[in-house]
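J.: Each residue of the sequence shown is one higher than the one before, counting from 34 in my numbering.
C-beta atoms are modelled at their ideal positions from N, C-alpha and C, and glycine is treated no differently.
Sharing a structure with you now.
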Amino acid sequence: MEDFRFANPEYLFGLLLLPLLFWALSKLGRNAREKLLRFVSEANLRSLLRDTGGRSSSVKTWFFWLGLVFLILALARPQANPITEEMEGTSLDIYVLLDVSKSMDAEDVAPSRLKKAKREIQSLMTLLAGDRLGLIAFAGSSVIVSPLTSDYEIVRTFLQNVDTNLIQNQTTDIQGALTLAEEAMRRGAERAGDKAARSNVFIVMSDGEDQSADPDYSVVEKIKNGGGSIFTIAFGTEAGAKIPVRNDRGEMMGYKRNRANGQEVTTSVATKSLQEIANIGGGQFYFSTQDEGEVRDILNRMQTLQRSG
34 MEDFRFANPE
44 YLFGLLLLPL
54 LFWALSKLGR
64 NAREKLLRFV
74 SEANLRSLLR
84 DTGGRSSSVK
94 TWFFWLGLVF
104 LILALARPQA
114 NPITEEMEGT
124 SLDIYVLLDV
134 SKSMDAEDVA
144 PSRLKKAKRE
154 IQSLMTLLAG
164 DRLGLIAFAG
174 SSVIVSPLTS
184 DYEIVRTFLQ
194 NVDTNLIQNQ
204 TTDIQGALTL
214 AEEAMRRGAE
224 RAGDKAARSN
234 VFIVMSDGED
244 QSADPDYSVV
254 EKIKNGGGSI
264 FTIAFGTEAG
274 AKIPVRNDRG
284 EMMGYKRNRA
294 NGQEVTTSVA
304 TKSLQEIANI
314 GGGQFYFSTQ
324 DEGEVRDILN
334 RMQTLQRSG
């Protein structure tokens with residue numbers, strides 16, 4: 034296979050870390066076993082372990098390690114044909130900024146604000162072809178869940194595990210997320226060695242509850258002046274809903290309460306900041322709809338950017 038190569042070979046260094054990770058986990062397992070043997074006999078311990086796992090546990094362990102290997106290989110993006118890379122000069126760079134604050138667990142949008150947003154990201158990926166997509170999760174701080182890639186399966190894999198427990202700082206800082214996205218977009222273009230002009234698109238998915246008393250839109254202006262466009266989608270209703278609290282098994286435990294007065298919290302969609310960001314950022318503001326027409330409209334506008342970029 035003469036043209037075979039890896040688009041992101043730096044990820045292959047992760048394979049070198051797997052033996053170290055295996056050794057560390059094995060050592061932890063041995064230490065745990067030694068501690069258990071202080072309280073139960075070897076025979077009883079074998080019986081307990083057999084009841085809780087046995088052969089199926091070993092199979093799951095092997096699948097875990099194989100999964101890590103394949104994930105690293107996927108991140109390295111093996112490619113057998115360089116033609117795709119040659120086409121990237123006419124494609125778009127897109128970063129989706131996904132709000133993962135606790136208010137996104139509200140269920141005034143079925144099945145919940147966050148789950149609906151994740152579905153719209155999935156729909157977007159089915160409509161894209163050749164554009165590079167990245168994913169950033171944000172609340173009071175921001176994290177890159179998936180860097181820019183044209184391999185959407187990588188994004189889908191990471192997206193599955195995104196929930197409102199991902200970030201501990203539970204305020205909402207949309208400006209901070211946009212700052213991270215702009216920096217990541219610029220670094221991604223530099224690493225790819227892009228020579229042709231590339232249109233950049235940012236899609237903010239949030240319920241809009243930005244706690245900033247005096248929002249600073251300088252990063253929005255920076256993105257717009259750099260040729261980027263920012264689209265925003267609001268999730269939630271004006272009537273609002275309570276925020277469910279669930280345990281690790283997903284069982285309902287009640288609703289989030291205000292620490293000051295103990296009252297159950299009701300969260301409503303707040304569109305002002307999302308509208309301002311879209312207006313200043315040269316994009317468009319949308320409400321999330323059941324038929325996801327906003328996703329198709331964004332795609333149509335993106336096609337215009339692609340032809341002019």
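1) In terms of residues, what are the limits of the alpha helix (DSSP H) holding T159?
2) Look at the Cβ atom of I154, then the Cβ atom of V129, and state whether they are nearer than 7 Å.
3) Where do the ends of the beta strand (DSSP E) carrying T182 lie?
4) Give me whichever residues DSSP pairs with D240 in a beta bridge.
5) Excluding the 5 residues flanking E242 on each side, which residues of the same chain have their C-beta closer than 6 Å to its C-beta?
6) Can you tell me whether K305 is helix, strand or coil according to DSSP?
7) Nearest to L343 by CA position, among L101, Q296 and S179, is which residue?
8) Which term fits P180, buried or exposed, when burial requires 16 or more other beta carbons within 10 angstroms of its beta carbon?
9) From the DSSP secondary-structure annotation, give me the bridge partner or partners of V234.
10) For A172, which of F191, L147 and R189 has the nearest alpha-carbon?
11) Y250 by DSSP, collapsed to three states: which one?
12) Since V133 contacts I200 with CB under 8 Å, what's their CB separation in whole angstroms?
13) On the three-state DSSP scale, how would you describe F320?
14) Taking the beta carbon of E216 as the centre, do at least 16 other beta carbons fall within 10 Å, making it buried, or is it exposed?
15) Are three or more beta carbon pairs between the region 259–268 and the region 315–325 nearer than 8 Å?
16) Along the chain, which unbroken stretches of the beta strand (DSSP E) at least 3 residues long are found entirely within the region 267–305?
17) When we look at the beta-carbon of F268 and count the other beta-carbons within 10 Å, is it buried (16 or more) or exposed?
18) Which word fits S251, buried or exposed, when buried means at least 16 other C-beta atoms lie within 10 angstroms of its C-beta?
19) Which term fits L124, buried or exposed, when burial requires 16 or more other beta carbons within 10 angstroms of its beta carbon?
20) To the nearest angstrom, how far is it from the Cα of F46 to the Cα of R292?
21) State the Cα-Cα distance for the pair L50 and F320, rounded to the nearest angstrom.
22) By the three-class DSSP mapping on this structure, what secondary structure does R189 have?
T.: Checking against the coordinates, here is how it stands:
1) Run containing T159: R146 to L160, per the alpha helix (DSSP H) assignment.
2) The beta carbons of I154 and V129 sit closer together than 7 Å.
3) That run of the beta strand (DSSP E) goes S175 to T182.
4) According to DSSP, which records beta bridges pairwise, D240 is partnered with nothing at all.
5) Around E242: S136, T205 and A303.
6) In this structure, K305 counts as helix in the three-state DSSP scheme.
7) Past the edges of the chain, shown from 34 to 342, lies residue 343, and the structure says nothing about it.
8) That one is buried.
9) V234 is bridged to I127 and S262.
10) The residue among F191, L147 and R189 with its C-alpha nearest the C-alpha of A172 is L147.
11) Correct three-state label for Y250: coil.
12) So it is a contact: roughly 6 Å between Cβ atoms.
13) Reduced to three states, the DSSP call for F320 is strand.
14) Under this definition E216 is an exposed residue.
15) Judged by Cβ distances under 8 Å, the region 259–268 makes contact with the region 315–325, as three or more pairs qualify.
16) Secondary structure within the region 267–305: the beta strand (DSSP E) runs of 3 or more consecutive residues, fully enclosed, are 277–279 and 285–288 (chain order).
17) Burial call: buried.
18) Exposed, by the Cβ-count rule.
19) It should be noted that the sequence gives Ser, not Leu, for residue 124. Its Cβ being crowded by 16 or more others within 10 Å, S124 is buried.
20) Approximately 46 Å, taken between the alpha carbons.
21) Straight across, the Cα-Cα distance linking L50 with F320 is about 44 Å.
22) The answer is helix: DSSP assigns R189 an H, G or I state.
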